[in-house]
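Scroll down for the structure; my scribbles are underneath it.
Residue numbers (the numbering used here): 3 to 99.
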């Protein structure tokens with residue numbers, strides 16, 4: 003006879019902590035079908051706080067959540083360096099004086 007999986011493995015907390023520390027933007031689909039987007043700022047055993055840009059923050063009970071999926075980073079790392087002027091005063095990207 004196969005035993006059911008344990009109720010608490012610790013993986014949920016580790017995953018939520020990782021999302022929170024990395025400030026990853028997530029999409030949270032609720033059991034009623036509504037979808038909200040933001041990053042997890044805080045969580046505990048029963049709820050999480052979803053922080054949203056330009057909208058009110060939400061406290062969501064975990065039992066209301068159907069899925070949480072990563073949507074990308076909150077603040078993308080900058081890969082471009084600002085254009086610096088060359089000897090004649092023009093910038094490296096071709097913008098004029």
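Just so you know, even glycine gets a beta-carbon here, dropped at the ideal spot from N, CA and C.
Source: prediction; values computed, not measured.
DSSP places residue 31 within a strand segment (E or B) once states are collapsed to three. Taking the Cα of residue 73 as reference, the smallest distance to any Cα among 28, 33, 59 and 62 is reached at 28. For residue 60, the enclosing beta strand (DSSP E) starts and ends at 60-63.
Beta bridge pairing from DSSP links residue 19 with no other residue. Taking every protein chain shown into account, the CB of residue 56 has fewer than 16 other CB atoms within 10 angstroms, so this residue is exposed. If you check the CB distance, residue 40 and residue 54 come in under 8 Å. Per the C-alpha coordinates, the member of 25, 34 and 31 positioned closest to residue 43 is 25. Between the beta-carbon of residue 49 and that of residue 31 there is about 16 Å, and that puts the pair past the 8 Å contact cut. The shortest CA-to-CA distance from residue 71 to any of 22, 4 and 10 is the one to 22.
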